[in-house]
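Enquirer: Here the protein sequences line up with chains U and L, keeping their order. Each residue of the first sequence is one higher than the one before, starting from 0 at the first, in numbering that gives the first Met the number 0. Each residue of the second sequence is one higher than the one before, starting from 0 at the first, in numbering that gives the first Met the number 0. Ideal Cβ placement from N, Cα and C applies to all residues, glycine included. Handing you this structure, nothing more for now.
Protein chains: 2
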Amino acid sequence: MADTLENFTIGIVGGCGKMGKLFEKFFKNLGYEVLISDLSCGIPLEELISKAKVIIISVPMDCFEAVIKEISPLVNESHWVMDICSLKKEPIEIMKSHLKCTEILGTHPLFGPYEKDLKGKIMALCPVKGKNLLNWAKKTFSEEGLKVVEVSPEKHDEIMGVVQTLNHFWLVLLANLIKELDLNIEDLVNLSTPSFLKQLLILKRLARQDENLYARIQFDNPAGNKIREKLCNLCEKLVSEFQGTEKEEAFKKYFLQAKEIAKELEKLLKI
Amino acid sequence: MADTLENFTIGIVGGCGKMGKLFEKFFKNLGYEVLISDLSCGIPLEELISKAKVIIISVPMDCFEAVIKEISPLVNESHWVMDICSLKKEPIEIMKSHLKCTEILGTHPLFGPYEKDLKGKIMALCPVKGKNLLNWAKKTFSEEGLKVVEVSPEKHDEIMGVVQTLNHFWLVLLANLIKELDLNIEDLVNLSTPSFLKQLLILKRLARQDENLYARIQFDNPAGNKIREKLCNLCEKLVSEFQGTEKEEAFKKYFLQAKEIAKELEKLLKI
Chain U
0 MADTLENFTI
10 GIVGGCGKMG
20 KLFEKFFKNL
30 GYEVLISDLS
40 CGIPLEELIS
50 KAKVIIISVP
60 MDCFEAVIKE
70 ISPLVNESHW
80 VMDICSLKKE
90 PIEIMKSHLK
100 CTEILGTHPL
110 FGPYEKDLKG
120 KIMALCPVKG
130 KNLLNWAKKT
140 FSEEGLKVVE
150 VSPEKHDEIM
160 GVVQTLNHFW
170 LVLLANLIKE
180 LDLNIEDLVN
190 LSTPSFLKQL
200 LILKRLARQD
210 ENLYARIQFD
220 NPAGNKIREK
230 LCNLCEKLVS
240 EFQGTEKEEA
250 FKKYFLQAKE
260 IAKELEKLLK
270 I
Chain L
0 MADTLENFTI
10 GIVGGCGKMG
20 KLFEKFFKNL
30 GYEVLISDLS
40 CGIPLEELIS
50 KAKVIIISVP
60 MDCFEAVIKE
70 ISPLVNESHW
80 VMDICSLKKE
90 PIEIMKSHLK
100 CTEILGTHPL
110 FGPYEKDLKG
120 KIMALCPVKG
130 KNLLNWAKKT
140 FSEEGLKVVE
150 VSPEKHDEIM
160 GVVQTLNHFW
170 LVLLANLIKE
180 LDLNIEDLVN
190 LSTPSFLKQL
200 LILKRLARQD
210 ENLYARIQFD
220 NPAGNKIREK
230 LCNLCEKLVS
240 EFQGTEKEEA
250 FKKYFLQAKE
260 IAKELEKLLK
270 I
C-alpha cells in the first residue's frame, strides 16, 4: 500500500458483477485491500462488513433495498457506505432510512464495465451524509483522471432521463426501424455519412450491454414515461408539420432551433 | 501537372459554393486546371463548357434541372458530366434526358465541406453512361484515400432515407425535445455517458450545416415521409407497450433485436 493512502479496507457487496470487478481492480491498483462478497463468490457478508471501512454497494437496482436491509444491522457508525446505482433519489433515500453510519455517498459511474480507459470518464457524486467519504472519493477518482461532478439526486435523475433513458430508447427505436425497413446493415455502413457512421458506432455499443440493467434504466426513472411520450408527441407534430403546405418554413424553424443547441455544444465540447 | 494525369481541364458549375470550393481545391492539388462558373463569380458558363473536358455540376438540388437545361445546348458528345447531388435517381434522369454526351456519372460525396481529411470518407458513384468518366473517377478518388462505393440510384436513395433523412430528423427531434424539456446543455454535457456524449458530438455538427440543403434532404427523398411516419408509428407502439403489464418482456424483445444489429455492426465496424 502506498504511503499516502489511509490504511483501510474496501468491501464490495456484489463484487462479482461486472461493475464490482471493475472497482475491485481499480482500488487494488491503488494499493487498497479489497474484499468481495456476492451471492456465489467471495466471503460472507458479515465478514466483509466486520473487516471493511468503505462499503461499496454494487448490486442490481431491483435488489438494492433488500441488500441494504440485510446489511443494516451489521453496519455501524464508523462505516463509510456508497452505492453505484444508475438512479440516485430512491437508492439514497433507502440508504438514509436504513443505515446508521455517519458517512453515506451516492455515486453513479457514468460509464460501463467495458471502457478501456477511465481517464476523462464522468463520476457523478451525490453527497448524502458526512464529508470524509465524499472528500476521499473526490480525491481518489480525480487523481485517477476521472471527472468528478457533484449533483443533487433530483437533478441527476432528471438529466439521466435524457442521457440514459431517452438515448437508449432512441437506439432501440432506430435498430428496430432498420429491421422493419428490411435494410441491409452492410449497405448502411458502406453508404454512411460521418454523422450516421457515428450513430452506428453508438448503436454498436449495445452489443455488450445487459438487457436487465437496460430495462431498469428504461423503467425505474420516474420521468422515463413522460420523456418517451414527449418524444412521441414531438415526433408526430414534426411529421405532421413536414407534410403541410408550410413544411419548408416549419423545417427551417426546427432546424434553426437545433442549430442553436449545436452552437452551444460547439462552445462546450472542444473535442 | 503530374505526368500520369491526362491533360484535361475540369469545370465546376456552381464552383463558388462550399462543395464546389472543396472540389476545386481537391483537383487543383492533383495538378488539374480547374475552372469555376457561378452566379456571382468565376467565368461565364459558355466559356467554362467550351474549355473544360470534365464538367462537375455542384448546384443546389432545387435549381439542378434549370442548370442542366441551360448547359444542354453547349454540351457536346466529348464532354464528361458528373453531378454531386444528395439524391441520385431524379438528377440522373434529368442529366440523361437533356445531355447528349456519352459519359455521364452520378456521384454523391457522403461528407460535407467541413471535413478536415477526406481519407476514408465515402464517395457513392452511380454509373449512368460510358466507362471512361467512371473509371477516371474511381481511380482518382481511390488514389486519394476515399472509399468508392458503386450503387444503383434506387438503392442509393433508399439508403439515404435512413442515413440522411432519418438521421437528420432524429437530430432535429432530439434538440427540440431538449429545448422543450428546458434542460441546461451544460448539465447534459457534464453528466454524459460515453454513448450520449457521442450523440451530442453528432448534434454539434449541425452548427455548421445549411438549412436549405438540409430541407432538400428532408423533403426531396421520395421515401422521406414514409420513413418519418414509420419512426413515429414505431415510437408510439413502443411507448404504449412500455406502459403495459408486459412492459419488461416487451422491452427485452426490442432490446435484444437491437442487440442483434449491434452485433452485426461489431463485425462490420472494427473502429
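Report all residues from its chain with a CB closer than 8 angstroms to the CB of Met0(U); omit the five preceding and five following residues, and keep chain order.
Expert: Here the model assigns Met0(U) a pLDDT of 39, short of 50, so the residue's position is not dependable, and the following value carries that caveat. Same-chain partners within the cutoff: Asn6, Gly30, Tyr31 and Glu32.
Enquirer: Whose C-alpha, out of Leu73(L), Asp61(L), Glu46(L) and Gly16(L), is nearest the C-alpha of Ser39(L)?
Expert: It is Gly16(L).
Enquirer: If you measure from the beta carbon of Ser141(L) to each beta carbon in chain U, is any gap under 8 angstroms?
Expert: Output row for Ser141(L): interface = no.
Enquirer: Nearest to Lys229(U) by alpha carbon, out of Val12(L), Lys178(L) and Ala136(L)?
Expert: For Lys229(U), the nearest C-alpha among the options comes from Lys178(L).
Enquirer: Compute the distance between the beta-carbons of Ile184(L) and Leu267(U), then report whether it is under 8 angstroms.
Expert: Contact flag set, yes.
Enquirer: Report, in whole angstroms, the separation of the C-beta atoms of Ile42(U) and Val80(U), which I expect to be a contact under 8 angstroms.
Expert: Between Val80(U) and Ile42(U) the Cβ distance is about 18 angstroms, and since that is not below 8 angstroms, they are no contact.
Enquirer: Given this structure, state the Cα-to-Cα distance separating Glu281(L) from Leu124(L), to the nearest angstrom.
Expert: What the structure shows of chain L is the stretch from 0 to 270, and residue 281(L) is not part of that stretch, so it cannot be assessed.
Enquirer: Below 8 angstroms CB to CB, which residues in the same chain sit around Lys20(L) once its five sequence neighbours on both sides are set aside?
Expert: Answer for Lys20(L): Gly14 and Pro112, listed in chain order.
Enquirer: Could you say if the stretch 120 to 134 of chain L and the stretch 135 to 153 of chain U meet the contact criterion of at least three C-beta pairs nearer than 8 angstroms?
Expert: Touching, no.
Enquirer: Closer than 8 angstroms, CB to CB, is His155(U) near chain L or not?
Expert: It does; some Cβ of chain L falls within 8 angstroms.
Enquirer: What does the alpha-carbon distance come out to for the pair Asn189(U) and Ile121(L)?
Expert: Straight-line Cα distance between these residues: approximately 8 angstroms.
Enquirer: Give me, in chain order, the residues of the same chain whose beta-carbon lies closer than 8 angstroms to that of Phe110(U); leave out the 5 immediate sequence neighbours on both sides.
Expert: So the list reads Leu117, Lys120 and Ile121, once near-sequence residues are dropped.
Enquirer: Along the chain, where does the alpha helix (DSSP H) containing Cys234(L) start, and where does it finish?
Expert: Gly223 to Glu240 is the extent of the alpha helix (DSSP H) around Cys234(L).
Enquirer: Note down the Cα distance separating Asn271(U) from Ile201(U), rounded to an integer number of angstroms.
Expert: In the structure as shown, chain U begins at 0 and stops at 270. Residue 271(U) is therefore absent and cannot be evaluated.
Enquirer: Let me check understanding here. Comparing Cα to Cα, which of Ala65(U), Glu64(U) and Glu76(U) lies closest to Ala51(U)?
Expert: Per the Cα distances, Glu76(U).
Enquirer: Going along chain B in order, which residues have a C-beta closer than 7 angstroms to the C-beta of Lys251(L)?
Expert: Of the protein chains in this structure, namely U and L, none is chain B.
Enquirer: Distance check for Leu196(L) and Pro72(L), CA to CA, integer angstroms please.
Expert: Straight-line Cα distance between these residues: approximately 52 angstroms.
Enquirer: Apart from the five residues on each side of it in sequence, which residues of its chain come closer than 7 angstroms, Cβ to Cβ, to Thr101(L)?
Expert: So the qualifying residues of the chain are Glu76, Lys128 and Gly129.
Enquirer: What does Ser191(L) reach in chain U if we use C-beta pairs closer than 8 angstroms?
Expert: Those within 8 angstroms of Ser191(L) in chain U are Leu109, Ile121 and Val162.
Enquirer: Where does Glu143(U) sit, in a helix, a strand or coil, going by DSSP?
Expert: It is coil, neither helix nor strand.
Enquirer: Which residues bound the beta strand (DSSP E) around Ile54(L)?
Expert: Counting along the chain, the beta strand (DSSP E) containing Ile54(L) begins and ends at Val53 to Ile56.
Enquirer: Between His97(L) and Lys87(L), what straight-line distance do the alpha-carbon atoms span, to the nearest angstrom?
Expert: About 16 angstroms.
Enquirer: Quick check on Pro152(L): buried or exposed, where buried means 16 or more other Cβ atoms within 10 Å of its Cβ?
Expert: Looking at its Cβ environment, which holds 16 or more other Cβ atoms inside 10 Å, Pro152(L) is buried.
Enquirer: Buried or exposed: which applies to Gln217(L), given that a residue is buried once 16 or more other Cβ atoms fall within 10 Å of its Cβ?
Expert: It is buried - the Cβ of Gln217(L) has at least 16 other Cβ atoms within 10 Å.
Enquirer: Roughly how many angstroms lie between the CA atoms of Leu176(L) and Lys225(L), to the nearest whole one?
Expert: Leu176(L) and Lys225(L): Cα-Cα distance of roughly 22 angstroms.
Enquirer: DSSP puts Asn107(L) in a beta bridge; with which residues?
Expert: Checking the sequence shown, residue 107(L) turns out to be His, not Asn. Answer is Ala123(L), bridged to His107(L).
Enquirer: Starting from Ser194(U), find everything on chain L with Cβ-Cβ shorter than 7 angstroms and list it in chain order.
Expert: The answer, in chain order, is Asn166, Ile201 and Arg204.
Enquirer: Check the Cβ of Cys84(U) against every Cβ in chain L and list those closer than 9 angstroms, keeping chain order.
Expert: None at all; the shortest Cβ gap to chain L is about 14 angstroms.
Enquirer: Using CA coordinates, which residue listed in Glu265(U), Phe241(U), Asn166(U) and Asn220(U) is at the minimum distance from Asp61(U)?
Expert: Considering only alpha carbons, the answer is Asn220(U).
Enquirer: Please state whether DSSP places Ile42(L) in a helix, a strand or coil.
Expert: Three-state DSSP puts Ile42(L) in coil, outside helix and strand.
Enquirer: Give the straight-line distance between the Cα atoms of Phe26(L) and Ile9(L), rounded to the nearest whole angstrom.
Expert: About 8 angstroms.
Enquirer: Report all residues from its chain with a CB closer than 6 angstroms to the CB of Ile56(U); omit the five preceding and five following residues, and keep chain order.
Expert: Closer than 6 angstroms at the Cβ level, and outside the excluded window around Ile56(U), lie Val12 and Asp82.
Enquirer: Looking at the unbroken alpha helix (DSSP H) that takes in Ile9(U), where does it start and where does it end?
Expert: Counting along the chain, Ile9(U) falls outside any alpha helix (DSSP H), though it belongs to the beta strand (DSSP E) covering Thr8 to Val12.
Enquirer: Using 8 angstroms as the threshold, is the C-beta distance between Leu173(U) and Ile158(L) below it?
Expert: Not a contact, by the Cβ cut-off of 8 angstroms.
Enquirer: Excluding the five sequence neighbours on either side, which residues of its own chain have a C-beta within less than 6 angstroms of the C-beta of Glu352(L), listed in chain order?
Expert: Coverage of chain L is limited to positions 0 through 270, which leaves residue 352(L) absent and any answer about it impossible.
Enquirer: Which residue marks the beginning of the beta strand (DSSP E) containing Ile303(L), and which one marks its end?
Expert: Any question about residue 303(L) goes unanswered here, given that chain L covers just 0 to 270.
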